[in-house]
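Sequence positions in the sequence shown follow this note's numbering and run 10 to 423.
Everything below concerns the one structure shown next.
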Amino acid sequence: MKQYFENAKQATRTMVSLNKETINLLLNKLAEALVAQSEFILAENQKDLNRMPESDPKYDRLKLTGQRIKDIAGDVKNVASLNSPLGDLIHEKTLPNNLNIKKVRVPLGVVGVIYEARPNVTVDVFALCFKTGNVAVLKGGSDAEYSNAAICKVIQEVLAKHQINPNVLTLLPADRSAAEALLNAVNDVDVLIPRGSQSLINYVRENSKIPVIETGAGIVHTFFDASANLEKGQLIIANAKTRRVSVCNALDCVLIHQERTKDISQLLSPLAQKEVELYADETSYKALKESYPESLLHPAQPEHFGTEFLSLKLAVKVVNDINEALDHIATYSSKHSEAIISEDAENIALFLNQVDAAAVYANVSTAFTDGGQFGLGAEIGISTQKLHARGPMALEELTSYKWLVTGDGQVRNP
10 MKQYFENAKQ
20 ATRTMVSLNK
30 ETINLLLNKL
40 AEALVAQSEF
50 ILAENQKDLN
60 RMPESDPKYD
70 RLKLTGQRIK
80 DIAGDVKNVA
90 SLNSPLGDLI
100 HEKTLPNNLN
110 IKKVRVPLGV
120 VGVIYEARPN
130 VTVDVFALCF
140 KTGNVAVLKG
150 GSDAEYSNAA
160 ICKVIQEVLA
170 KHQINPNVLT
180 LLPADRSAAE
190 ALLNAVNDVD
200 VLIPRGSQSL
210 INYVRENSKI
220 PVIETGAGIV
230 HTFFDASANL
240 EKGQLIIANA
250 KTRRVSVCNA
260 LDCVLIHQER
270 TKDISQLLSP
280 LAQKEVELYA
290 DETSYKALKE
300 SYPESLLHPA
310 QPEHFGTEFL
320 SLKLAVKVVN
330 DINEALDHIA
340 TYSSKHSEAI
350 ISEDAENIAL
360 FLNQVDAAAV
370 YANVSTAFTD
380 GGQFGLGAEI
390 GISTQKLHAR
400 GPMALEELTS
410 YKWLVTGDGQ
420 VRNP
């Protein structure tokens, strides 16, 4: 296993030698190859799907389709079209002693990523790392073993065709021992990024001997304020919950101002059409009992608040005012994405200022927490921590910087 990491570290020199034109050309060729090899990728993906029940929340994340592959290829092309941050001048100054000091963007080096049943991550990580001069070491979950291997085979073929060191991308074996080795790859891997469930993230954070950037699970709330527009609320809540239930920006809990209790039935009626199960507190349960389908309505238990459902399930709670909503979010939020629906400018400002999350929204669906939707191309994950990167991690977040100091014989006096 050690050889994987040593080869990856040596490949960083390959990345430094590549110019931006070569990088963009290869990414565009990769996008074409993914579409051309769709039949092969889908056949391998089906082998993974055959081992997972459709009822598993991870099934939708694992599943590839022809359209999804086209979308993934489109993201690769988007990354190719973006300006590379490499070499960007962050700061420059000349000191009184005529030393010229520049601060410029450089690659992180070897980026390790541990992720679960999401084969699209294999492409996203490679594209973003390659664009930013980084070497990628990937440890996918066993659930997506065939899918990841197929995608990496396509990438490796494109690299070989352009005579680029194949070790700029390494897919580790799917077994647990590979994860343990990656967690201990001191001096070979520069940073490790876990992408998946909270339990995976916690495990990596607690056991890694190399620096970790957390891409956190999403426990997402939307607060429907007293002044909120009902039609906006219906659209936003339905979209945030049902657009794609297995993603980390999907809505998990709706908080509703007590003055709007009479509107709960109408507000949440679009969810019934999508067969969303509601776990409602006492007040909202009474308001919904006569209108929401009985089979889909349940009394909320304490564990339903602070849960990332990843399915057609949603917690509902009535709160006295915005301060109670803020308290609830502060208690249960995973600091991923939070939203307010309101026409009160003062309450909107209060919410945007006080909520501690990577992305905070006003009158917008949380479904937009995504690197592509933010105009960043693809993303390597949504960071919920505060050091180095926060929110969608795209090109700039995959760089560090170094200081370049030039002079003309200056020496430092005692």
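Even for Gly, the Cβ is constructed at its ideal location relative to N, Cα and C.
For residue i: DSSP bridge partner residues
{"i": "I110", "result": "K102 and V414"}
{"i": "H345", "result": "DSSP output for H345 lists no bridge partner at all."}
{"i": "T408", "result": "P116"}
{"i": "A145", "result": "V120 and L178"}
{"i": "K322", "result": "E286"}
{"i": "T378", "result": "Answer is none; T378 lacks a bridge partner."}
{"i": "V4", "result": "Here the chain comprises residues numbered 10 to 423, so residue 4 is not present and cannot be evaluated."}
{"i": "S151", "result": "In the DSSP output, where bridge partners are listed per residue, S151 has none listed."}
{"i": "L297", "result": "In the DSSP output, where bridge partners are listed per residue, L297 has none listed."}
{"i": "S392", "result": "T224 and G400"}
{"i": "I350", "result": "F233"}
{"i": "L260", "result": "V229"}
Assigned exposure category for residue i - 16 Cβ within 10 Å defines buried
{"i": "E347", "result": "buried"}
{"i": "L396", "result": "exposed"}
{"i": "G390", "result": "buried"}
{"i": "T31", "result": "exposed"}
{"i": "L420", "result": "Residue identity check: residue 420 is Val in the sequence provided, not Leu. The residue in question, V420, is exposed, as its Cβ has fewer than 16 Cβ neighbours within 10 Å."}
{"i": "Q243", "result": "buried"}
{"i": "V130", "result": "buried"}
{"i": "S293", "result": "buried"}
{"i": "M402", "result": "buried"}
{"i": "K218", "result": "exposed"}
{"i": "R70", "result": "buried"}
{"i": "R127", "result": "buried"}
{"i": "I81", "result": "buried"}
{"i": "E215", "result": "exposed"}
{"i": "S208", "result": "exposed"}
{"i": "E291", "result": "exposed"}
{"i": "N422", "result": "exposed"}
{"i": "A296", "result": "buried"}
{"i": "K18", "result": "buried"}
{"i": "E48", "result": "exposed"}
{"i": "R26", "result": "Residue identity check: residue 26 is Ser in the sequence provided, not Arg. Looking at its Cβ environment, which holds fewer than 16 other Cβ atoms inside 10 Å, S26 is exposed."}
{"i": "M10", "result": "exposed"}
{"i": "I164", "result": "buried"}
{"i": "L335", "result": "buried"}
{"i": "E125", "result": "buried"}
{"i": "A20", "result": "buried"}
Where the beta strand (DSSP E) through residue i begins and ends
{"i": "P308", "result": "L306 to P308"}
{"i": "G121", "result": "V119 to Y124"}
{"i": "T427", "result": "The first residue shown for the chain is 10 and the last is 423, placing residue 427 beyond what the model contains."}
{"i": "Y370", "result": "A368 to A371"}
{"i": "L239", "result": "Counting along the chain, L239 falls outside any beta strand (DSSP E), though it belongs to the alpha helix (DSSP H) covering L239 to T251."}
{"i": "V200", "result": "V200 to R204"}
CA nearest to the CA of residue i, picked from the options
{"i": "E268", "options": "C262, N329, T316 and G227", "result": "N329"}
{"i": "A368", "options": "A354, I349 and D353", "result": "I349"}
{"i": "G121", "options": "N33, E312, S351 and N193", "result": "N193"}
{"i": "F377", "options": "N258, G75 and A371", "result": "N258"}
{"i": "V325", "options": "V263, P401 and L51", "result": "V263"}
{"i": "L191", "options": "L385, V414, E15 and L104", "result": "E15"}
{"i": "N28", "options": "A281, K111, L404 and L95", "result": "L95"}
{"i": "A249", "options": "A237, S236 and L277", "result": "L277"}
{"i": "E240", "options": "K72, N372 and D199", "result": "N372"}
{"i": "I210", "options": "R77, F314 and A188", "result": "A188"}
{"i": "P66", "options": "V195, N33, E405 and E317", "result": "E317"}
{"i": "P279", "options": "V256, L323 and F314", "result": "L323"}
{"i": "K283", "options": "D197, V414 and T251", "result": "T251"}
{"i": "A52", "options": "L39, Q363 and I78", "result": "I78"}
{"i": "K56", "options": "V44, L43 and K72", "result": "K72"}
{"i": "T393", "options": "S151, N33, A289 and S342", "result": "S342"}
{"i": "C138", "options": "N196, G418 and S409", "result": "S409"}
{"i": "E312", "options": "P182, E355 and D261", "result": "D261"}
{"i": "S156", "options": "G83, D199 and Y68", "result": "Y68"}
{"i": "D417", "options": "P308, G150, I110 and D84", "result": "I110"}
Endpoints, the alpha helix (DSSP H) within which residue i is located
{"i": "R70", "result": "Y68 to L71"}
{"i": "T141", "result": "No alpha helix (DSSP H) contains T141, which DSSP labels as neither H nor E."}
{"i": "L361", "result": "A354 to Q363"}
{"i": "L95", "result": "First-last for L95: undefined, no H or E at that position."}
{"i": "V44", "result": "K29 to A45"}
{"i": "T21", "result": "K11 to S26"}
{"i": "G75", "result": "G75 to S90"}
{"i": "R185", "result": "R185 to L192"}
{"i": "E215", "result": "Q207 to N216"}
Short CB-CB distance (under 8 Å) between residue i and chain D
{"i": "P220", "result": "The structure shown contains no chain D; it holds only a single protein chain."}
Across the stretch 56-66 and the stretch 112-120, are there enough close Cβ pairs to call them in contact, namely three or more that are closer than 8 Å? no
Are at least three pairs of beta-carbons, each pair with one atom in the stretch 297-316 and one in the stretch 270-289, less than 8 Å apart? yes
Pairing CB atoms from the stretch 219-231 with CB atoms from the stretch 202-209, are three or more of them under 8 Å? yes
Three CB pairs or more closer than 8 Å across the stretch 160-180 and the stretch 133-148: yes
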